[in-house]
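S.K.:
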Ligand SMILES: O=C(O)CCC(=O)C(=O)O
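Residue numbers (this note's numbering): 6 to 221.
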C-alpha cells in the first residue's frame, strides 16, 4: 500500500474508532467518514439531578422571556436565549466540566450561551460566523432528544446526522465546524436512522472558543 493510501486508511480507522462508541447516535455518509473524526457525542455527560439543578437556574435566568417566533426568515424559530457567565455554586462544577472538555480557559468565550427551543422550535442550517467564535463548539442537551444534521457546503454527498439525547454533550471542531452547516431539525422532520425522534422543549448550554483572530 502506498504511503498516501496507508495514511488515509489509518485516518479512516481512527475516525471509525472515534465515533464507534456512540455509533448508534451518529449516522455518517460514506464520503464524510474522515470528517466525522472531528466530532464526538458523549452520553450521560451530566446526571439527572444535575439537569434538574441546571434547569432551575435556567428558568430563573430566562425570567419572563417569551419564545420568539417573529420572522419566518430568522435562523432560529421558536426560541428564547440568554448568556451567562455566573453560575450558582451547585451548577458551577458542571459548567467547569463542559469548559474543560472544550479547552483551556483562555481559549474560551467567557459566557455560556443558553438556548431554549420550544417543542415546535428549530434551527435552520447555518455556519457560525468566524468573527464571533472559534474552531470548537460544544453543547449539553437538556430535557429532550433532538436531531442535529450537518451538511458539507460544497459536497452534497457529505452529511452527518447526530441524535443528541438529553444529558449528552456534543463537540464539533475544525472541518465539521467550518465546512459544514449545522441545524436542529423541527419535530415533523426529526428522524434518525429512519426512526422518528419526538421533539419536545430542548435547552442547550453551549460553550464556544474565542474567534481565532482574537487569539493571534
Ligand atoms: O442548540 C444547539 O446545540 C446548537 C446551537 C447552534 O446551532 C449554534 O449555536 O450555532
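No residue lacks a Cβ here, since even glycine has one placed at the ideal position from N, Cα and C.
1) Can you give the Cα-Cα distance for residue 40 and residue 180, rounded to whole angstroms?
2) What residue ranges within the stretch 98–166 form continuous beta strand (DSSP E) runs of no fewer than 3 residues, ordered along the chain?
3) What is the DSSP secondary structure of residue 217, reduced to helix, strand or coil?
4) Looking only at DSSP bridge pairs, what is residue 72 linked to?
5) Please state whether the Cβ-Cβ distance between residue 133 and residue 141 is less than 8 Å.
6) Can you name, in chain order, every residue of its own chain whose Cβ lies under 8 Å from the Cβ of residue 216, other than the five neighbours on each side?
7) Should residue 189 be counted as a contact of ligand 1 given a C-beta to heavy atom distance under 7 Å?
8) What span of residues does the beta strand (DSSP E) with residue 86 cover, start to end?
9) Specify the secondary structure class of residue 180 as computed by DSSP and reduced to three states.
10) Looking at C-alpha atoms only, which residue of 108, 203 and 119 is the closest neighbour of residue 178?
11) For residue 38, report the span of its beta strand (DSSP E) as first-last.
M.R.: Reading off the structure:
1) Residue numbering aside, residue 40 sits at position 35 when the chain shown is read from its first letter. Residue numbering aside, residue 180 sits at position 175 when the chain shown is read from its first letter. For residue 40 and residue 180, the distance between alpha carbons rounds to 6 Å.
2) You should have 117–131, 141–147 and 151–157.
3) As a first step, residue 217 must be located in the chain shown, where it is residue number 212. Helix at residue 217.
4) The residue labelled residue 72 in the question sits at position 67 within the chain shown. Residue 72 is not bridged to any residue.
5) On the chain shown, residue 133 is found 128 positions in, with the first residue counted as 1. On the chain shown, residue 141 is found 136 positions in, with the first residue counted as 1. No; because the gap between Cβ atoms is not below 8 Å, this pair is not in contact.
6) Along the chain shown, one-based indexing puts residue 216 at 211. Contacts found: 135, 136, 137, 138 and 139.
7) If you number the chain shown from 1, residue 189 lands on position 184. Of the heavy atoms belonging to ligand 1, at least one sits nearer than 7 Å to the Cβ of residue 189.
8) Translated into the one-based positions of the chain shown, residue 86 becomes position 81. Unbroken beta strand (DSSP E) run through residue 86: 81–89.
9) Against the chain shown, residue 180 aligns to sequence position 175. The answer is helix: DSSP assigns residue 180 an H, G or I state.
10) Translated into the one-based positions of the chain shown, residue 178 becomes position 173. When each option's Cα is compared against that of residue 178, the closest is 108.
11) Along the chain shown, read from residue 1 onward, the residue named residue 38 stands at position 33. No beta strand (DSSP E) contains residue 38, which DSSP labels as neither H nor E.
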